[in-house]
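One structure below.
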Amino acid sequence: MDFPNPSQVHTRRRMRACLAQVREASGLSLQQVVDGSQRLVKEHRARRKPWGWTPVALTRQNISAFTTGKGDQLPGPDALLTFLHVCNVVSPRQMAQWRAALDRARKASSAGAPSHLPRLPDHFVPRPEEREQVLEELRALAGGGGAVALASTAALHGTGGFGKTTLALEVCLQEEIRDLFPDGVVWIEIGQEPVLTSLLADVTARISREPLVRYGSVEAAAAAFAETLGDRRVLLVLDNAWRVGDLEPFLRGGARCVRLVTSRRSDVLPSGARRVTVGRMAPEQAVSLLAAGVAGATSEVLYPLYACSHRWPVVLGILNGVLRARTSRVPSQPLEVVVAQLVGRLRDKGLAGADGLAAPEQRTAQEVLAIGMEELAADAQGDELRSRFLSLAAFPPDQLIGFGVLAELWGGDTLEVHTVCERLADRSLLGSVEQTGVRLHDVIRDHIVSGYHAEVQQWAERLWEVARGHCTDGRWDLIAPEHADDLDWVAFLMVFTNREEELREILWDLRFLARRLQQGGIAGVSDDILVCEVARGRDPELQALARVLRFEGHLAPHGLGIPDIAATLWSRLVGTPVVRDRITHRQEALRGALAALGPMPDRPDARLAYVCAGHSDRVIALAWQPDGRKLATGTADGTVRIWDVAGALLRTVVTESAVNALAWSPDMLHLAALVDNTVWLIEPILGEVTLRQRAGRELTCLVWTDQGLAVAGTDGTAEIWETGAASPRRLHTASSATVRAMEWAGEELGLVTVHSDGTVACARGEAQDGAASGLNVPRALAVRPHHRDVVVGGAERRLVLVDMAASPPQVRATSELVEEWVTSVGFSSDGQWLAAGLKSGVAALWSTGRDDGVHTLRDDPLGNAWEAVFATQPLLDHHGKQVEALGWHPQLPLLAVGAHQEARVFDLRRTPAPQQHVGVNCVSCHPQRSLFAMGGADGEVVLANGSSPEVRHTLEAYQDEVRAVAFSPDGNRLLSVSEQGPLLLWDVTGGDEEPVPMSVDCPVEHAQCLAWSPDGGAVAVGGEQKVVVLEGHRLTVQSVIDVPQLVTSIAFDPTGTRLAVATTGADIWLRSLHDAEGQRLSAHMNGVTAVHWAGSDHLVSASLDGQVIVWSVPENGQATAVRKTDMGSDRVWGLAVSPSALVAVTSSGRIGLHPLHGDGPSCTVFLETALGSCGIFADGRTLVVGGAAGTALFALPAWATTLPGP
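Each residue of the sequence shown is one higher than the one before, counting from 201 in the numbering used here.
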């Protein structure tokens, strides 16, 4: 039989109900089931043939135990199968499903009240119609599952105080919810000013039942939260959401999770959510709430008061509390008199109906609250109870106020606190009572603060002293860990208690900034700055600090501890003098950590307008709304986000796969997204998905035309989906190869496409034109506005300008070689700017001053023609992070650039800062002086001072990239090599005189690395499958060592007798220079990138697998790995070693400082650039790192510069 279905069993109660249905369907009595089980047992014994399970003799008692009654007993696996075989209504193929159902039911907790829920008000009135409506939506969502979070969301929307929270709680307490969500109900109060890192961490710990873990960023906390949800069947209640950005982290993950959101703002609710509007209470419900617990109450008596309530649950609840208190205190007073007095009071204040107007409702609430205050004062302990109630408004809005802090604030014990809170809750004066504290309804709080400000401020003073007492020596950075969340309201309290100047001072304390970042992330510090500015007025210095945090602060929370955060944050602040000079307690904050000695090379471009951050994967698609007021981003993880022109997140839509393209309709009513081979149409205001149209072929791009939406794919054709048309109209282009990119160029050119065979084509009605671009792997195209020119880019590292006005179209110009593949290209709206995104992590820019087309230059060489039209402008550098997408603002010279997990918007009207030296591949520190050499991607060798930013010499050495530089042990010579060029030996003893090199042909192909012997008598060069050892002065060949792969790093041991060789393989080769003996060291999982000796008996190696390994390498024994340091998923490219520490740098910009031997302190600093090399100066106290953006200097902490003890 098909019913009951075991796949729908997830709880003990459901399992028992299904077994009862099975027996009922069988028509067997209890005794017949018992007899049948005994026959099965005998049959099994007689046959002695294994069945895979063993029948058991059932009894009437145990059958009844798992099919009837109110217990939670379940049968064992063999008893279950015996029961099912005897009943004979379950097919054999379903037996495994029943076994799995039993396992799920056994793992499920016994039936009981769902955990993590606030308490339902004692005098609440059910709202059955609304409750059933919500339950219906939850049933549908739970039954349908949903791999997309936003597609598994219900939402309650309504005015503040209309009972959304109470309705959600009433729904959660229904017994049916336990069956729908066997893994529980989790309640999350978001509120107006949530500290998302703390909130996400707390909820993650509650769901996982693991110890609380703090996260340094919202992104990290959200990722952990999503991973924890996994496939749990959980109902997640997201209560009181005020902003899209606050809600979005909780919408990630949880394929089998259903979410219930409450909010008073419709535009905050997730797109696609099933919405239920919570309005005023029905008249009958409103009267019932007024009458709850009031002796003698009838609708007739209460009607005058009901008429003043506007059927607002908050008002009704407070009035009910007043009625109960008065009738209890003076039972002889007729209820009619009490009601008349209350109505008279309200009407004296000018409050009458005005049903449907918000302002009168607010005044009604204010007057009702005033009456509630009077009733508290009339209590036996009225003054104290009233005062304690007012104290709750000293906390920030929507704050969970813990019973513990209330005990400290009120000077009582937790039992007394609970008693007071119960009495306040009984009068409906609290928003909720939860397991660890209470919340004050925000509507009530607003009225308390406005009406009783002086008294609330006195409580705020006392609360300040309580919080201050949680800090060692009164220092906020030394706040006790168990009270760390106090930091969320420190700024609020300082302003409330007129301590604005003190707040400003701690905002400049690097110790506090690091602690606050660890606890509350960038959002927490930014909120504190905003609170300070609101109180004190505009503050240019704090605004400068906020700007650094806004554009660069996302790097700091990545650190695992406060020293990491302080070190990274200081490295960002040091480049802004007005901020750097205001920072206090720097030395103490950076004790034991790397300390930046100057500005970082990866500072934000001066043209940066704002950053759209918070994506969890690569930004691969961009589109501006036609009026320029919104920007849409699409990511590789399948998320569309819509931002305003200040970079604030407006809307998030989660799709089913990577968002490969975005296009906004001309009328702005639709945003089209290409998701896999499906076109999604999104209503951009509310984020609703209005259409999902799957194509019957593989699609690659889309664009809006004046006729409809055009899509193109791998078959070389394009289709236009016209509004109202029964089927799309297909356009055949001049090539049948895959369409790589497409733009609409108006009626004159029509639809312009570039194909994988290099063809550039345009389709105008039935007309088709095409030209060969000369590119073998085209990737992008751009049509120049007001012209008939098209620019195409691709993997050939050049751009091609095609004149589409010619017949047939002709290539008219070719750019000079750019440094990497072109991933995207685009013209500004006025055609005066051209941008090209490159794989190397830059957006190249050209200005176009000419008004005439390129076709006027037909007789010029292609290169000259390009230069005649396009003037090179300073590029936008993303420091090694591939540019995936470009998007020009439709009216202004604003360029959006998608690279890595951010979209940055640049204003090209601003003056760019002077370009600095970039692209450092290698560094070498002088063995005696504060001097270092660096080899650049531009072929230059640069000598620079380590004690100042002064560059001593810039040596134009090579036509290609410098791969290695190395000072000789005496410091008199510098050797350099490029991949294709010669060995250059520079005499660097001449001081200010520029050295002249001795050139020697490189003895290896694809040279990558250099190493001097300790005495300077020999130097080794590594390249393609071999290492050549040269005499140190004349550079003549002494010996050759063959290895299996490309050599990436080499190092002589301190005796000069052994050479460590790293290759693109996972092994390290140790070779003796006196004989052919050697050994292979194997422990890495990927290519080894660097080796460095640490004394004569230890070797350090780094790899693309993220591991740094310390090896014990005795001269006459087998090498063994003695210590491993994991740099995560980062690729480690460079190593440096001090007497007691090692430094590793990675492709993601991470600098890791770790003990060389044993346990000890460590430090991590993050830069916004790929790093590839590092070195330590002769003084042992200064570190230099080099990467795609240039070099940076750091002071090493004392523990890393001293020799370890015995």
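Here a beta-carbon is modelled for each residue, glycine too, at the ideal position from N, C-alpha and C.
Predicted model, so just to flag it, every value in this text is computed and none were measured.
Bridge pairing for E1193: absent [DSSP]. Under the DSSP definition of a beta bridge, S207 lacks any partner.
Taking every protein chain shown into account, the CB of K242 has fewer than 16 other CB atoms within 10 angstroms, so this residue is exposed. Cβ-Cβ separation between A1164 and C1209: approximately 5 Å, consistent with a contact (criterion under 8 Å). For P1355, the enclosing beta strand (DSSP E) covers residues 1350 to 1355.
When the beta-carbon positions are compared, Q1101 and T1023 stay at least 8 Å from each other. For D727, no beta strand (DSSP E) encloses it; the enclosing alpha helix (DSSP H) starts and ends at 710 to 736.
Here DSSP, grouped into helix, strand and coil, assigns M295 to helix. Between L902 and A963, the CB-CB gap reaches or exceeds 8 Å. Secondary structure at M1198: strand, using DSSP grouped into helix, strand and coil.
For the set V1162, S1124, A1137, the Cα lying nearest the Cα of N1145 is the one of S1124. In the assembly as shown, M1285 is an exposed residue. Its beta-carbon has fewer than 16 other beta-carbons within 10 Å. Taking the Cα of P884 as reference, the smallest distance to any Cα among T905, T404, V840 is reached at V840. Counted as a single uninterrupted DSSP element, the stretch harbouring L999 is not any alpha helix (DSSP H) but the beta strand (DSSP E) occupying residues 999 to 1003. Within the same chain, R432, R433, V434 come within 6 Å of D383 by CB-CB distance, once the 5 residues on both sides are set aside.
For V1237, the closest C-alpha among the options A1218, Q1245, A1251 is that of A1218. Scanning L592, H647, Q599, P596 for the CA closest to the CA of C621 turns up L592. In this structure, W664 places its C-beta atom within 8 Å of the C-beta atom of L693. In the same chain as L436, and ignoring 5 residues on each side of it, the C-beta atoms closer than 6 Å to its own belong to V386, C457, R459, in chain order. Burial is judged here by how many other beta carbons sit within 10 angstroms of a residue's own beta carbon; G611 has fewer than 16 and is exposed.
For Y652, the three-state secondary structure derived from DSSP is coil. Nearest in C-alpha terms to R803, of all of W770, K830, A1065, T784, is W770.
DSSP lists T953 as the bridge partner or partners of M942.
Between S857 and V875, the C-beta gap is smaller than 8 Å, which places the two residues in contact. Here L975 carries a coil assignment [DSSP, helix/strand/coil]. S632 and L367 have their C-alpha atoms spaced approximately 13 Å apart.
V1247 and D1170 have their C-alpha atoms some 26 Å from each other. Per DSSP, the continuous beta strand (DSSP E) segment holding S1373 begins and ends at 1371 to 1376. A1036 is bridged by DSSP to V1025, A1044. Take the alpha-carbon of L1095 and the one of F1106: they are about 5 Å apart. Under the DSSP assignment, A1321 falls in the beta strand (DSSP E) whose first and last residues are 1320 to 1326. In the three-state reduction of the DSSP assignment, Q1128 falls in the coil class, being assigned neither a helical nor a strand state.
D906 carries a coil assignment under DSSP once its states are collapsed to helix, strand and coil. The continuous beta strand (DSSP E) containing T917 extends over residues 917 to 921. Runs of the beta strand (DSSP E) spanning 3 or more residues and lying entirely within the stretch 1136 to 1171 occur at 1140 to 1145, 1151 to 1156, 1162 to 1167, in chain order.
In its chain, beyond the 5 residues on either side, D446 have a beta carbon closer than 6 Å to the beta carbon of P394.
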